[in-house]
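Only one structure is covered here, and it is reproduced in the block below.
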Amino acid sequence: MYTLTIHTEFSSAHILHGHTGNCKRMHGHNWKVEVEVSGNKLDNIGMVIDFKDMKKSTNEIAKRLDHQYLNELEPFKTKNPTAENISEYFFVELSKIFNNNNTKIKSVKLWETDRAAVTYSE
Numbered sequence: 002m003y004t005l006t007i008h009t010e011f012s013s014a015h016i017l018h019g020h021t022g023n024c025k026r027m028h029g030h031n032w033k034v035e036v037e038v039s040g041n042k043l044d045n046i047g048m049v050i051d052f053k054d055m056k057k058s059t060n061e062i063a064k065r066l067d068h069q070y071l072n073e074l075e076p077f078k079t080k081n082p083t084a085e086n087i088s089e090y091f092f093v094e095l096s097k098i099f100n101n102n103n104t105k106i107k108s109v110k111l112w113e114t115d116r117a118a119v120t121y122s123e
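Counting from 2, one number per residue, gives the positions in the sequence shown under my numbering.
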């Protein structure tokens, strides 16, 4: 089993409804997203998947959120844009692209700060 990892960054603002601390007010983060893809078989040139393809797809999803107010975007109009929900969003969107007979999204780790992150996997 091989596990490939890439990362990207994006910046956005959000409000966490129902939060009793500072996060109840609008604030922003410089997020870092780490994506792990696992696979068993190498292709004819010795790769599970091209890093370029992983980066491209992850960057496209990050662009949807970059410099946006997350509470105004789907699916965060109906659920709080917590780090947990954002990491799940990346996981679900990337799974649509990469899950097949050989490759699978293993996990998405979302760093809210340099010292705090959440990992979503299934």
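Ideal Cβ positions, reconstructed from N, Cα and C, are used throughout, including at glycine. Model, not experiment: these values are computed from the prediction.
| message | Does the structure place the stretch 67-79 close enough to the stretch 100-110 that three or more beta carbon pairs sit under 8 Å? | response | no
| From Ser12, Phe52, Ile106, His20, residue whose alpha carbon lies closest to that of Gly29 | Ser12
| Does the beta-carbon distance from Glu113 to Ala84 come in below 9 Å? | yes
| Whether Lys110 touches Ala118 by CB criterion (9 Å) | yes
| request: Can you tell me which of Glu75, Lys53, Asn81 puts its alpha carbon nearest to the alpha carbon of Val36? | output: Lys53
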